[in-house]
Structures are given as C-alpha cells and as structure tokens.
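This report concerns only the one structure given below.
Chains as they are written, first to last, in the numbering used here: chain A, 1 to 369; chain B, 1001 to 1572.
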C-alpha cells in the first residue's frame, strides 16, 4: 500500500527524506505528561470517548498528567489536566517533544511526534491507517489503532453515521498507552456505548419533592403522575414534561415549562391547543404503530413520531446480552428517585428489570472490570 | 404489476412551510391523501434528505445533507439554487418511489435541466408553475413541450401562452384553505381590544419584497388622508418590517412621506408565547408584555408568523384590503381577505386579473407599465391616485353595495380557489396524463465555461521563468510536513532551480524552516491549473515545472487502491 508520502514522492520523482521543522520554546512545568490531541474539523476523525481513555490510564498510572494541545479551536476533552492553547504549531511541537508520549487522531501533531521520535498512539477510523500513519522515528515507538469498521472498508467521508472511529474501545487506546509506558494493562472491558451516551439530562421521577435549582429537568410524569411534587421546581428550573395524560391548568400555567413530550395513541386536541396557546412547545409521540398515520393526519400541523417501547426493548436486546454478566453502568443522565440520585433508570428502579436498561440503552456505557 | 392507486410524487415546498407553495402543498396533499384513487409521496424542497418529516404519507427532503455535496454547492450560486430546488436528490427519490406521475410545483426555473434526467422520459409529468409577468419567460416556453401537462396558477399566463401557440396550458389556482378565513361576529370587540376603535383600517398582508408596491401604497394613503382630513384612518402593514436587505425599509419611507408612526401599524408576534399585537412600529426584539420574555417580540417574518386563526382576526380588524404589486403568482392574501369578508383593491395586472374586478368581489387599481431593468419584463407600478380614489369609493360606498361586493368575493373564493376545486382539477389532469401515451423529447445543449487566466508574475519576478519550480499543497499540516521531507531531494535533483511552495497561510509554519524552499506563497484556487502554471500554446506559463501533488490525494482520491498497490523501486 502506498503511503501518502510515497504518492507525493513518486509525483515529485524523489526519495523521501526528513522534514525541516524546528519546535519553538514554550514554558511548561509538568514533567510526566502525555500530550493528547483531537479536532472536530473533520467530524469522522473526532473520537468521542477520550475522557474514558484518560480515566482508565490514570486508574493504573495515577501520577501521569494529560495535556491537551491545539490552537484552542478544538473541543476541550473532559478530564485533561490542562489544555494548552498555542499560537503556533511549533510551540505545540515543543510541548510534544517534552512529553512521555503523544496520543491523538490522524493529524499533524502525530506526524510532528514521529519527526521528534516520540512514542505515539494514533487512532484511525474513516481512512486506511497505512496511507497516513506516522512516518519518521523508530517504528517500535508507534502504536497504530485502526477501527474494525464492522469489517467494512473506510468511508473516506468527512461525516459518518455511525462514526467508525468510535468503534475503538477506550481500553484499547488506554492499554496501548500503558504498554508504551511499561505499565500494567487495565482490566476494564467496555461492553456497549450508546449513541447518545454523552447527552446530559436530569430526570425527576416525582415520588417526593426534590430540592433542585438552576437545572434543566425532565419531569417524568409518564412514570409517576404526581404533579403536586413538582410545582415547587417550576420557579427555580427550566422544565420539560414527559406525560401520558393531559396535565392540570395549574401546572401548565407555570412560567418555566419550555416543552412537553406527550405520549399517547390518541391525542387530546383541546389539551394540545391549550398548550400551544400558552407558548409551550409540544412534541407528540404516538405509542401505537397502527394509529400513527391517522393521528398524523388529524394533527397535521405537528410532527408526530412513533414511540414503541416494546419494539425498542426487543431491538436493543439484539445489540447486547446482559444476563449472567457482572457489569457496571455509566451515563451522563441523572435519575432522581427514592430521595437518591442514580445514573440510570435501571438503578433508580432497584436493578430489578433489565428492560429498563434496554429502554435507555443509547444513553448508557456498559462495562465490566 | 399494476397498482390499484395512481402514485403521484409531488415536489414543492415542504407542506409545513408557511409560504404560498408550502400552504398549497399542505392543502392538496391533505386532500389527495384521502382520495381512494391516489397515493401521494411528498418531495420537499428545502428539507435535508434523510430527515424524518413525520407526514401521514411517504415523504423525502430534497436538500443535500451530505457534507461533501454541501461543500460543493457552497459558494456557487447556481449549484446552491439547484440544491434548494432539489436537483441533486430528486433522482434517488424518483428511483425509490417509482411514481406514475411526477407533479412539480415550483417556479419554472426550478425544473431547469430536468429534461436530461434519466427518469424524465420514462415518467409522466405535470409542471404546475407560477408565471407572473409578460412576455412569458423563455424557459417556460421550453419546458412546456417537454412535460405532459403544464399548469399555471393565473389565467393571464394561460392566455399569454396560448397566444404563443402553447394551446394545452391550463390554469389551476393554488389551493386556499379558506375555512379559517371568515367574517367574525366579534369584529368590533377585537378592534377595541387592539385600540382601533372606529378608525377606517386599510390593510395589506405581504412578505416584505420589492415587488410589493409599498411606496405606492404609502403615497396613495397620504393622498387619501389629504383628500379626507376628517376621516380617522390607519394603515396596517402585516409584514416583516425588519427585512431591509431584500425588502422595503418601511420606517424610512414613513419618514419620507411625512407619516406619523402612529398612523401606520405593524403586527408583532412573540416568539415565546405566540401572542400577537397590533401597534405602531417601534423596532424589533421587544420585550413581551404578556409572557414577560425578553427581546422575543418581532414583526412577523418568514420564520415566525401568526396562525391562521389569528391571521383571520387580523383581516377582521380591517375595513378594506389593498394589494398593490408589480406582478405575482397568485397572492394568497387576496383570497384570504375576500374570504374574511373584505373588499379587495388589487392591481389588475398579472395574477391580479383573477381577483381585481367587481364580479370577483374586488375593485381594480390602475397602473402604469415599466420594464424591470434586469429582466426587461413588463411590471406594473400602481397609481397612488387610483389607490386614493378606490379607498374613497369603499369608504363612501352604500352598505347595500358593500354587502353585495363582499358576498360576491366570498362566493368567488369558494368557487374558484377552494381546495376542493383545485384538487378536483388536479385529479382530472393526473388521471388524464397517466393514461396518455409517451411523447418525444427535445434535447438541449449547454454552454461551455470560459477558462479563467491567473496572473501573479509580480510574486515570482526575482527568478527567471525557466529556473522556477512550483510545488502546490494547499493543506493540511500532515501533508505539508510530508512534502517538506521531499524538498531537499527535489533541490538535489534540480540544483539550478528555485522552489516556490504554495499553501494556505495557516500552514506556513509547517514548511518555512526548510532551507531549500525559495519562497512560500499563499495558495489560491486559481493555482490548481497545471497548464496555466507551466504554459500552453501562446501562454508561456510561470514555471518550468509545476507539481500539484494535491490533485491525486485531495481533489480526487487517486491513491487508495484498496491498499493493494506496490512499488518496484525503493522510495525511502
């Protein structure tokens, strides 16, 4: 396979040499650190689980610091120790040069790290890694991780759905880093990462009055219809109601209700009109596949989507088998129930019904240790 | 296998879009969907391909959603317009739904080049378009023989096309769901609510575009006030007052005409609570007095208007409706105003001839001809004196004549513009076209684009042309670093030459340490032309040798080869 540099060399009719590129001094006080680089200019290159990589590496190599490098236009990676924004790539090169290792996506810092002969862990998804992997320095220093892409060829597309780079599990990257730094590998194994795993949300199951302020809350009246426990939240938070039945005028009249998700097989027209007249956004979710076309016709001015929970659970059961497995859950969602805060509906419901996981599967990360 | 229903693919604005085409799409699709003989599929211009449009029927957006296509159309006005009209996705949609009849409802230029599409000759097609000016657009005359049926929204266009020999063109008015528009019993109560009391309210509902004759109306209004100083009158302009780029700067015109702001009213809508207010114009982004939201109140615009129930209330605040315009496709507000029980004053040119006369519940506004400078089409400039006279005529009209005129207008809209009437005509044409035999097609040839030349000799003049080598790599950091590693050997190969390197300025740092580069220069798209760089025919060129290694890796992916290619020689 021709590497890009070979294509360029053939085009110019010359052999490959070394680039002339000098880092510029940049003050840095850390001594045991890893540089990390990502970018979302090309969405297919941007890996979504760097923060998990950092957690896993630090669970074994506690002292090591992660320094994110870039111009500042890149998305900040959660859990990095610092994000050093430089005005020139040459200053970033200096930071790379002093690092224990560089980890990142297919981008210029990886090539600079190879020019500086640093240990590298680089990840690839939408292209063949061999056409653009790090060129210079000792090959023994390089660890190249390419997505399995479910056996498919690379898309070469700037935007992918699903993003194949995300098929690389965080522990694969973390263990490669640890190996390059002569550390033990982590025992963690990722079982599933949902597409909406990183979406943040706060769900209130109104079994009691929770004291929460300055948050955006999803009030789960679809799970427990106790309006009296949520009225006090309306003045201090921004609320979204999830309902199966029309709610009282008293609740509707609260100023901070921004939207309502109304789940039904046959919607109440008067209620919808009332909600609309109050300036509240209403989203209609039809729970019956047979009735959706008729409901869409009757309420044409609203975009009605299908919400078939049973179908969703069955579909998700095909994605992962959980019976007889020890597993842990992580999510960016919080569920308030029984006076406690949980990170999933499954945990909030006392870990009794695995269907709760399958219902929310796309918002979860499931792993074992 | 034959189908039990006629499958009709309808391409137009999205059926939930609040535009003339969008409202028409909604009305005809809702009606045709219930028809036992028809199966409709919606192709919506402006909606990204792949989006779930949640319609009761099969539906597709036609606007590109692929980033690569979007990048290709960005910055190219013709391609962008084609994308907005669904040009790049309609083929896939036709392939997927295999319609018996294609019904395209758009401006006629939306169908440019459709005749060269692979499905065009295999599909029955109806083009239902708005033609608003004379002489008839050449493209309409070209398209008409290439479709099975051409329909126009206004009868003046049908007449003009027939005169030119296009005998089968018919008029089908856009579908107006007039059921929301009716005279209200609590009209006086509504007027009091908005503080209009016993004023004589003249109204105009319009999208703020230059073809709506706002200055003429203001001038006519001033004349009416001068002629009738004792009449308490106000002008309500239900439009986007903030649109000053593509429309009229109305506040400026008010000043120019010496109109006190209080005499000309605007409709404000709160983007949070959806409530509306009728007030003199006082700028955009006001705070809402009803829901308390900050900066949420703006005059109505294409993104946010009032609902049809509220719009009917607004018509009911008026005593007369006045619609002066240079030309138009149908002008839905005229029919809405008639249905709401208003006498309509309409310029009797273009589609106005379908609404302006007494037997249509209106009174015509006279106009003078002018030619639109860019297109040379005939346009109407409505006479302010005529506006003034007609307003006076309505104001002094006997109640008996007024009632008759209003009743005529209401019945005329029901009969000629109703959804039922339009759908019934459309269905007739759909069935007719479906059963018609295929016709021959004409071929068109395109124009060749001129080759542009670039001159940058002044950047290169310190080295003789025969001693220059160019290497071009516009981006990105990694690629430039790779090229950087080749430059020393390139210099060794051509020891007498000077190497000029072209890249985007943000990548200069990746190459400017290389001592074998003579100059690093900013890249420009015009540089990607080898013949221009090296010379061709009488053009001597700028470089002895130019390398464009980006062409095979960035402009065209010509290096992948599934990873199976080999080299017989060592490159490292």
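Ideal Cβ placement from N, Cα and C applies to all residues, glycine included. No experiment lies behind these values; they were computed from the predicted model shown.
Boundaries of the beta strand (DSSP E) in which residue i is found, first to last residue
i, result
"residue 1279(B)", "1276 to 1280"
"residue 340(A)", "340 to 342"
"residue 1283(B)", "It is not in any beta strand (DSSP E) - residue 1283(B) carries neither H nor E in the DSSP assignment."
"residue 1371(B)", "1367 to 1371"
"residue 234(A)", "Per DSSP, residue 234(A) belongs to no beta strand (DSSP E) and is neither H nor E."
Within 9 Å, strictly: CB atoms of residue i and residue j
i, j, result
"residue 1324(B)", "residue 1387(B)", "yes"
"residue 240(A)", "residue 216(A)", "yes"
"residue 1050(B)", "residue 1084(B)", "no"
"residue 1132(B)", "residue 1329(B)", "yes"
"residue 193(A)", "residue 25(A)", "no"
"residue 80(A)", "residue 178(A)", "no"
"residue 1140(B)", "residue 1090(B)", "no"
"residue 1039(B)", "residue 1006(B)", "yes"
"residue 1378(B)", "residue 1357(B)", "no"
"residue 257(A)", "residue 280(A)", "yes"
"residue 101(A)", "residue 114(A)", "no"
"residue 1023(B)", "residue 1177(B)", "yes"
"residue 1391(B)", "residue 1195(B)", "no"
"residue 1419(B)", "residue 1031(B)", "yes"
"residue 1100(B)", "residue 1427(B)", "no"
"residue 1514(B)", "residue 20(A)", "yes"
Residue environment, residue i, which counts as buried when at least 16 other CB atoms sit within 10 Å
i, result
"residue 1439(B)", "Its pLDDT being 43, under 50, residue 1439(B) is placed unreliably in this model, and the value from its coordinates should be taken loosely. Looking at its Cβ environment, which holds fewer than 16 other Cβ atoms inside 10 Å, residue 1439(B) is exposed."
"residue 1398(B)", "exposed"
"residue 94(A)", "buried"
"residue 161(A)", "exposed"
"residue 321(A)", "exposed"
"residue 1027(B)", "buried"
"residue 1292(B)", "exposed"
"residue 296(A)", "buried"
"residue 1077(B)", "exposed"
"residue 1197(B)", "exposed"
"residue 1572(B)", "exposed"
"residue 1575(B)", "Because chain B here runs from 1001 to 1572, residue 1575(B) falls outside it and cannot be looked at."
"residue 348(A)", "buried"
"residue 1445(B)", "Unreliable positioning characterises residue 1445(B) in this predicted model, as indicated by a pLDDT of 31, which lies under 50. A coordinate reading is not provided."
"residue 29(A)", "exposed"
Nearest-angstrom beta carbon gap, residue j and residue i [assumed within contact, 8 Å]
i, j, result
"residue 82(A)", "residue 67(A)", "5 Å"
"residue 1056(B)", "residue 1088(B)", "Rounded, the Cβ-Cβ distance is 26 Å, inconsistent with contact."
"residue 103(A)", "residue 173(A)", "7 Å"
"residue 1521(B)", "residue 17(A)", "With 8 Å as the limit, residue 1521(B) and residue 17(A) do not qualify as a contact, their Cβ atoms being about 22 Å apart."
"residue 1181(B)", "residue 1082(B)", "Not a contact, Cβ separation roughly 36 Å."
Cross-strand partners of residue i (DSSP beta bridge)
i, result
"residue 259(A)", "240(A) and 281(A)"
"residue 1106(B)", "1129(B)"
"residue 1045(B)", "1013(B)"
"residue 367(A)", "190(A) and 328(A)"
"residue 1150(B)", "1127(B)"
"residue 1061(B)", "1044(B)"
"residue 1494(B)", "According to DSSP, which records beta bridges pairwise, residue 1494(B) is partnered with nothing at all."
"residue 333(A)", "201(A)"
"residue 146(A)", "124(A)"
"residue 1546(B)", "1470(B)"
"residue 1322(B)", "1345(B)"
"residue 1171(B)", "1152(B)"
"residue 1362(B)", "1344(B)"
"residue 218(A)", "203(A) and 240(A)"
"residue 1018(B)", "Residue 1018(B) pairs with nothing; no bridge assigned."
N-terminal and C-terminal residue of the alpha helix (DSSP H) that residue i is part of
i, result
"residue 1094(B)", "1090 to 1097"
"residue 53(A)", "50 to 60"
"residue 358(A)", "355 to 359"
"residue 1335(B)", "1332 to 1339"
"residue 1071(B)", "1067 to 1073"
"residue 1187(B)", "1187 to 1193"
"residue 1079(B)", "1077 to 1084"
Proximity test, residue i beta-carbon vs the ligand ATP heavy atom, cut-off 8 Å
i, result
"residue 1268(B)", "Ligands are entirely absent from the displayed structure, and the ligand ATP is therefore not among its contents."
Of the residues that make up the stretch 122 to 138 of chain A, which ones have a beta carbon closer than 8 Å to any beta carbon in chain D?
-> Going by chain labels, chain D is absent from the structure shown, which instead holds the protein chains A and B.
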